[in-house]
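Peer 1: Heads up, the sequence shown is in my numbering, so the first residue is -8 and it goes up one at a time. Using N, Cα and C, we set each Cβ at its ideal position, and we do this for glycine too. My questions all concern the structure below.
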Amino acid sequence: MSETSESDSEYNSSNEELQDAFAKGLLNPGLNVAIKTSGKQSKNYVNHMKQKLDEIKMNLPWIERLDMVNALAPLAPELALQMQEQEVRRAKQLQGNRKLPQYKPSEDPVVNDFHRENIRYRKDLDFLDDKVDLKLKTTHVNRKINPKAQFKMQIKAAKFGCGGDKKCCSKWNTRSSSADVFEYRPE
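Pasting the structure below:
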């Protein structure tokens, strides 16, 4: 029976505490649930972080300071000589390569074409371009075609017709294509 009296006294004391809190305005009428709050604060609590930063900050004077603004130093004579030797070696290496066209700067066709275009633009000689195109067209028509390539083109023209899509109707099975099985017979 003594256990019940202890629980009653605990219940009465907690009840009295709740009535006092309600009288002070700490509790609202209705269902009240006690929530445990942890002592931790949110991770992005900016004011707290600034406060901690001020606590650990040490305002010490600079020991040393070095400000320098320098132009590029001239190359050492050894480095300049090495770079020049490398350029000469590279030029000699490329000079023997027959795949690359060798031009003097004055004879370079790219430079000459650029120069020619500039002159035409300056003098309004654009009408000369038509003659150049005509010359290119005539040389294209008169070029010789390799006989093997020409033979291959004639066979394809006979099979598929001149121009047009090769895959359009060539994949269909027709009466003649089904009867034409001599390619598949063993010899």
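Using the C-alpha atoms, what's the distance from Ile47 back to Gly16?
Peer 2: Gly16 and Ile47: Cα-Cα distance of roughly 40 Å.
Peer 1: In this structure, does DSSP put Asp115 in helix, strand or coil?
Peer 2: Residue state, collapsed to three classes: coil.
Peer 1: Would you give the residue range spanned by the alpha helix (DSSP H) that Ala82 belongs to?
Peer 2: Pro68 to Gln86 is the span of the alpha helix (DSSP H), which, as asked, contains Ala82.
Peer 1: Out of curiosity, what's the CA-to-CA distance linking Leu18 and Gln10?
Peer 2: For Leu18 and Gln10, the distance between alpha carbons rounds to 9 Å.
Peer 1: With DSSP collapsed to three states, give me the class of Pro138.
Peer 2: Residue state, collapsed to three classes: helix.
Peer 1: Looking at the structure shown, is Met49 part of a helix, part of a strand, or coil, going by DSSP?
Peer 2: Met49 falls in the coil class under three-state DSSP.
Peer 1: Would you kindly work out how many angstroms separate the C-alpha atoms of Met40 and Lys34, rounded to a whole number?
Peer 2: Each residue's Cα considered, the two are about 9 Å apart.
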